[in-house]
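Encoded as structure tokens, the structure appears first; notes follow it.
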Amino acid sequence: MGTGLGVLIMVLAGQTACAGPYQYYEGTGVHDATAAEIAGGWENVEETRVVLRKDGTAIVEKLDGQDFDFEDGWRFSGTGTWQLVDDDAGQVVRLALTTRTRVERRFPAPVAEPSAPEPPSAYSWSFYVDRDHHDGLVLFFMYGDPDIGNTYVMSRETGS
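Numbering (the working numbering), first residue to last: 28 to 187.
The following block contains the structure:
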């Protein structure tokens, strides 16, 4: 009996070893943000700027890829569309880059593998909608290895 239980524990531990805190992240539980409240300028400390216009169009400047794409070091600029969606786990801003005008590399640039793919001509992000401790909105997505739980946070642009 003791040996069987030990084997079961080892199997379960092996199956969940890669399940970090954000690997299966579903959402913030925020359901009360409006599209009018989301519209405006957003920024990140990495000189990233995103403008979400009330008409559903967007301007993107130096926005990094999300999830494992972040490790490729691409920083996209261009125009696109956005929409606020709500599901059981909370609200998400879906941002689609439809016209890429520039691709830059993040500095310090990650070590590019010889077989690294070319940056795509179009790209999409899913930003979780959350509220900070002052009840202000923040947008974020996960980047890199999901076991680590890195978040790429966009704050309301100063002056917006």
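From the three backbone atoms N, C-alpha and C, an ideal C-beta is built for every residue, glycine too.
DSSP, read as helix, strand or coil, puts ALA85 in strand.
Residues ASN71, ASP91, GLN93, PHE97, PHE167, PHE168, MET169, TYR170 of the same chain have their beta carbon placed closer than 8 Å to that of TYR179, with the five preceding and five following residues left out of the count. Per DSSP, reduced to three states, the secondary structure at GLU53 is coil, with no helix or strand assignment.
Between LYS81 and ALA66, the CB-CB gap stays under 8 Å. For GLY107 and VAL57, the gap between their C-alpha atoms comes out near 25 Å. CA-to-CA, the gap between THR75 and LEU124 works out to about 14 Å. Excluding its 5 nearest sequence neighbours in each direction, GLU131 has C-beta neighbours in its own chain below 7 Å: LYS89, ARG102, listed in chain order. Shown here for ASP157: same chain residues with a beta carbon closer than 7 Å to its own, the five before and five after excluded, namely THR55, VAL57, VAL165, PHE167 in chain order.
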